[in-house]
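Written out below as structure tokens is the structure these notes cover.
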Amino acid sequence: MPYSSSLTDKEWELIEALLPQKKKVKHQLSLIRDRADEDIIDYYGVENLITIRGKAGFGFAEDPFVFHKGNIPTHNNRLLLVLKFVRNDYSANNFLNKNRSML
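To convert, take the position in the sequence shown, counting from 1, and add 4; that gives the working numbering.
Right, here's the structure in full:
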């Protein structure tokens, strides 16, 4: 489960996420994560979407099975800290041991 926290202050433009409210969603639109906003709105309905916004220090946990989209910064840089809690071991050592030919 990803947890994101903003490290920079960009007023209320910093974090914006388009998420279907889980209690109203019966089926996921697609396993493809890159969908246009219009596709998501048409499928779930605008009344079932929420927007998350916050200033520096604001954090939120994401459901990995919903669409999460961040808007592109328009006039300042954005810095986010994202922590992911996973069930599998994705350590660098395991990756390097399995992929020595890539080095």
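C-beta atoms are modelled at their ideal positions from N, C-alpha and C, and glycine is treated no differently.
Bridge-paired residues (DSSP) for residue i
i     : result
Tyr47 : The partner list for Tyr47 (beta bridge, DSSP) is empty, contrary to what the question assumes.
Ala65 : Tyr7
Thr78 : DSSP, once it has assigned bridges, lists no residue as partnering Thr78.
CB-CB length for residue i against residue j, believed under 8 Å
i      : j     : result
Tyr7   : Leu84 : Actually they do not touch by this definition, with Cβ atoms about 10 Å apart.
Asn113 : Thr12 : Within the shown structure, residues of the chain are numbered from 5 to 107, placing residue 113 beyond reach of any answer.
Ile54  : Phe64 : Wrong, their Cβ atoms sit about 11 Å apart, outside the cutoff.
Residues near residue i in its chain [Cβ-Cβ closer than 6 Å; skip 5 each side]
i     : result
Glu66 : Pro6, His72
Phe62 : Ser10
Contact set for residue i: own chain, Cβ-Cβ below 8 Å, skip 5 residues either direction
i     : result
Ala40 : none
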